[in-house]
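If you read the sequence shown in the numbering used here, its first letter stands for residue 5, the second for the next number, and so on.
A quick write-up on the structure given underneath.
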Amino acid sequence: MIRHIYKRGFSLIEIILGLAVFLILMVSIFQYSGSLLRGFRPAAVVSFDSTFPNGLDLYRYGEPVCDIDQDVTIERQIDLSSLISTSTPITSMHYFGNDIFVFTTDSASTSQPDVFIMRQNVNVWELVISKDVGPGIQDSVLSFPYLYVANTSVNSHVKVLQIDNNAIIEVQNIKIDSLAASNSMPRRLSVFGDHLMLGAEKSNSGGELFALPINHQNGKLSLPTHSIELGGQAHVARVIGKDLLIANSADPEMRVIDNNFLEKADYDAPLTLGNGKSVLSLYPYAVLGRTLGSGELTLLDISTTSIHSIDTNRTNGSVDALQSLAGGAPNLFMALTSNADKEIQFWNVGEDRTFHLESFINLPARTTSYLCFDKQIFVAVLINERPNLIILK
């Protein structure tokens, strides 16, 4: 007899049990892999997650880094006096694509334009549109399409402008009563979280640094929620991580405030000559720039709440601005100064934790504002009372 042997398939119950065992095994594998990934996760990312609460995701980590090194030279110089009135310094510059730039100026007259949209066509600059929002703009922050400007008026301290390639529309006008009462003029702007920070001259009836909440739906500002008294002019405020570093013209010359606008640290320079003028982060260091006096550059260790000086050096001129550079040494930076022979100085913080002067550039005049773009530096100066643009490359 020949027996027929039939191969029997898996029953439905066997298939379900097999799938269940497979899923259990896969879940265990994924959980184990996830624990490995978390174990290898960089500490900086973990710190970021735990540090920033909801609503604080708009910090700017310092200003943009210029993609240049210390070997740049003057490529060309452009006289803008046919477009901008004489005796009118350019106070800020921004680029927003398609060869379109926006300039603000400190106009000498209440009837002259203060905001200019220009187009760069090779070496020729063309005026697209201008607007008088004066009497004079000291600084601006661009959060496209909104331009926030600080102007010198007792009745208007901050304005919100909406701009595009061919239009400038005034959206809002903010007056701060304590500044109006003391006739203190606005000077510098920066962004800290969801707030526009306005720095002003010394005020006898209130603070010198104000936090104005930003509505990111329509670009408008609310009246200040915080006012910080510094005892002197707030020259510059820059975001470093989750803190704001402030250089001001009163002791202590640098203050650190947290995201609750509470002071957490400060630095008081030991010498009496020179006030805080500018500040830059080269974490774990900060560079404090001071007015002409002694030790205009100070290297600070900011890795702990106890800030202390590591090194000082001379620029022999007030340090108007400090800017990180991407080319060259890791801690290379540029100092824009009032030194008549070395207006731009390139410094490096070496492994020995001291300043090293790498090179310098002699400009025809002191810088009034600057902009980094496309591996170039655009520097605005006044030459014989005529606004000029010097391009370094």
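Even for Gly, the Cβ is constructed at its ideal location relative to N, Cα and C.
Here the structure is a predicted model, which is why all the values come from computation and not from measurement.
- Is it true that the CB of Ala254 sits closer than 8 Å to the CB of Ile203? Just to set this straight, residue 203 is Gly in the shown sequence, not Ile. No; because the gap between Cβ atoms is not below 8 Å, this pair is not in contact.
- Helix, strand or coil for Asp315 per DSSP? strand
- Item | Contact under 8 Å by Cβ, Leu375 with His98 | yes
- Query: Quick one: what's Ala325 bridged to in DSSP?
  - Reply: Leu340
- Task: Please determine if the stretch 277–285 and the stretch 345–365 are in contact, where contact requires at least 3 C-beta pairs separated by less than 8 Å.
- Result: no
- Rounded separation between Gln221 and Glu389 - CA only: 41 Å
- Message: Strictly by DSSP, which residues pair up with Glu174?
- Response: Leu165
- Message: Assuming the contact rule is C-beta atoms closer than 8 Å, Ser188 and Ile244 should be a hit. Round their C-beta distance to whole Å, please.
- Response: Contact doesn't hold; Cβ gap of about 26 Å is too wide.
- Distance between Ser85 and Val49 (C-alpha atoms, nearest Å): Unreliable placement is indicated for Val49, whose pLDDT of 29 sits below 50; the coordinate value is still reported in the next sentence. Rounded to whole angstroms, Val49 to Ser85 spans 49 Å at the Cα level.
- Item | Nearest neighbour of Ser373, chosen from Val383, Ala112 and Leu367 [CA to CA] | Val383
- Task: Report yes if the C-beta distance between Val195 and Leu165 is below 8 Å; otherwise report no.
- Result: no
- Task: Compare the beta carbon distance of Asp270 and Pro288 with 8 Å and say whether it is the shorter of the two.
- Result: no
- Query: Would the beta-carbon of Thr109 fall within 8 Å of that of Ile94?
  - Reply: yes
- Using CA coordinates, which residue listed in Ala112, Ser113 and Ser96 is at the minimum distance from Val105? Note that residue 105 is Phe in the sequence shown here, rather than Val. Among Ala112, Ser113 and Ser96, the Cα nearest to that of Phe105 belongs to Ser96.
- Message: Quick check on Ser144: does DSSP put it in helix, strand or coil?
- Response: strand
- Considering only the beta carbon of each residue, do Leu216 and Val158 sit closer than 8 Å? no
- Query: Since Asp324 and Leu301 are thought to touch, with beta carbons under 8 Å apart, how far apart are those beta carbons, to the nearest angstrom?
  - Reply: So it is not a contact: roughly 13 Å between Cβ atoms.
- DSSP-derived helix/strand/coil call for Asp181: helix
- Message: Run through the DSSP bridge pairs and tell me what Arg294 is partnered with.
- Response: Gly280
- Which term fits Asp71, buried or exposed, when burial requires 16 or more other beta carbons within 10 angstroms of its beta carbon? exposed
- Query: In the structure shown, what three-state DSSP assignment does Arg45 receive?
  - Reply: Confidence is the limiting factor: at Arg45 the pLDDT is only 26, short of 50, which leaves the residue's position unreliable and the question unanswerable from this model.
- Message: Let's test the definition: count the other Cβ atoms within 10 Å of the Cβ of Pro117 and tell me whether it reaches 16, buried, or not, exposed.
- Response: buried
- Indicate whether Asn252 and His239 have their beta-carbon atoms separated by less than 8 Å. yes
- Any idea what DSSP makes of Ser91, helix, strand or coil? coil
- With C-beta atoms as the reference, is Asp247 less than 8 Å away from Arg192? no
- Query: When you compare each of Val153, Gly138 and Pro139 to Val145 by their alpha carbons, which one comes out closest?
  - Reply: Val153
- Inter-residue spacing [alpha-carbon to alpha-carbon] between Glu403 and Ile82: This structure leaves residue 403 out entirely; the chain is present only between 5 and 397.
- Compare the beta carbon distance of Gly211 and Ile232 with 8 Å and say whether it is the shorter of the two. yes
- Assuming Asn234 contacts Leu213 under a Cβ cut-off of 8 Å, what Cβ separation, rounded to an integer in Å, is found between them? In the sequence on display, residue 234 carries Leu and not Asn. Correct: roughly 6 Å between the Cβ atoms.
- Can you tell me the Cβ-Cβ gap for Ser160 and Ser186, rounded? I've got them flagged as a contact below 8 Å. With 8 Å as the limit, Ser160 and Ser186 do not qualify as a contact, their Cβ atoms being about 16 Å apart.
- Query: For Ser111, is the classification buried or exposed, using 16 other Cβ atoms within 10 angstroms of its Cβ as the cut-off for buried?
  - Reply: buried
- Item | Cα-Cα separation between Lys206 and Leu303, rounded to whole angstroms | 26 Å
- Item | Beta-carbon contacts of Asn320 that lie in its chain and below 7 Å, excluding the five residues immediately before and after | Asn343
- Neighbourhood of Ile371 by C-beta distance below 8 Å, restricted to the same chain and skipping five residues each side: For clarity, residue 371 is Thr in the given sequence; the question names Ile instead. Cβ neighbours of Thr371 beyond the five flanking positions: Asp324, Ala325, Leu340, Glu347, Ile348, Val383, Ala384 and Val385.
- Item | Per-residue burial, Thr77 [other beta carbons within 10 Å of its own, 16 or more giving buried] | exposed
- Task: Note the first and the last residue of the continuous beta strand (DSSP E) segment covering Met189.
- Result: Run containing Met189: none; DSSP gives neither H nor E here.
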